[in-house]
Amino acid sequence: MEFPVEKSTFLSMMQDKVLDVPTNAPIKEHDDPFRFVDSCGTSNKALPNEDLLSVVLKCVNFAAIKHSKQRRKDMDQTPYINHPIGVANILIQEGDVYDPAVILAAILHDTVEDTNTTFEEIEQEFGPTVSRIVREVTDDKKLEKHERKLLQIKNTPNKSHEAKLVTLADKIYNLRDLLSSTPVGWTEVRVREYFKWAKQVISGCQGTNPKLEKALDMIFVQRLKEAKDKCDCTNKYNIRSASVNESEKSETSCDQEESESFVSFQSNLENCQKCTEPNEK
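Heads up, the sequence shown is in the working numbering, so the first residue is 798 and it goes up one at a time.
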């Protein structure tokens, strides 16, 4: 091959061009760092450990900046960023979910809904797959709260597997928070209504991740037992006992039985004047 310039000069010029590209440059349009499409369909990309660590820390920093002025509604007013990081941690530690796109979407899942972040911004920084998952789990704040909650119940069964994973982990985190303490300004009735609504939402995720669903079953079992202890009316004896008969244990677990009886118990509580009108100041 003949070179119009010296070969060494040519290679040097090309090297300079490569080095001019910053390593933290935004992702180009339609370039997905986590997925690729081939003749077999969509597949996951295998990223080096250093690239995974880099993008996760970039994402955490991005979310931390976006949520920097926000606090949770607990008594201690903990930083809001604790929540999305906690949701991502639940996916990994309890759900054995290691898909980077799902983990990043979990970290970013409230950024569009609760900050000035846009889906386009997320796509530019983290790719279309992450942006798409975040879009699936984001409520439209232009709608009334009641309508948004109904849409979550309606739309959850049709979400992607990735979005359902984020939904499950998000509900686990929020429900555990409610078990540990009542948010500032919330009544017991509001807490009960949240549990009832969350149960309806996650029913649309059935079969997504057995470990996360088991964790939710345990949460509802605990809530059921605590609600029974708080309710002194006779209505609490109209539902199934928390104790499952020995003959039934071979067919299903106690946790599942108690979780399934949760909605029935909620209905009884709604008919109990003492429970629906708690002594709150």
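Just so you know, even glycine gets a beta-carbon here, dropped at the ideal spot from N, CA and C.
Remember, it's a predicted structure, so these values are computed and weren't measured experimentally.
Annotation for V988: L975, T979 place their beta carbon closer than 7 Å to its own, counting only its chain and skipping 5 residues before and after. Between V963 and A902, the C-beta gap is smaller than 8 Å, which places the two residues in contact.
Relative to the Cα of S865, the nearest Cα in the group I878, M872, V986, T915 belongs to I878.
The Cβ-Cβ distance between I919 and V857 does not fall below 8 Å. By the criterion of a C-beta distance shorter than 8 Å, A995 is surrounded in its chain by K968, N971, L972, once the five residues flanking it on both sides are discounted. Taking I882 as the centre and dropping the five residues before and after it, the same chain places the C-beta of V857, I904 closer than 7 Å to its C-beta, in chain order. CA-CA distance, N886 to A966, rounds to 9 Å. Take the alpha-carbon of K863 and the one of S957: they are about 25 Å apart.
Taking all protein chains shown into account, C1002 has 16 or more neighbouring C-beta atoms within 10 Å of its C-beta and is therefore buried.
In the DSSP assignment, V834 is bridged to T839.
Going by beta carbons, E959 and A898 fall inside the 8 Å limit.
In this structure, DSSP gives P876 an extended state, which the three-state scheme calls strand. R868 carries a strand assignment under DSSP once its states are collapsed to helix, strand and coil. For H906 against V934, the beta-carbon gap comes to about 5 Å, under 8 Å, which counts as contact.
For N1006, the number of other beta carbons within 10 angstroms of its own is at least 16, and it is reported as buried. Excluding residues up to 5 positions away in sequence, L976 lie with their Cβ nearer than 7 Å to the Cβ of Q1019 in the same chain. In terms of Cβ geometry, V884 and V909 do not form a close pair [threshold 8 Å]. Collapsing the DSSP output to three states places L940 in coil. In the DSSP annotation of this structure, the continuous segment of the alpha helix (DSSP H) that includes S977 starts and ends at 958-977.
For T912, no alpha helix (DSSP H) run applies, since DSSP gives it neither H nor E. In the DSSP annotation of this structure, the continuous segment of the alpha helix (DSSP H) that includes S928 starts and ends at 925-933.
Scanning its chain for C-beta atoms nearer than 8 Å, with the 5 sequence neighbours on each side dropped, one finds around S840 the residues R832, F833, V834, in chain order.
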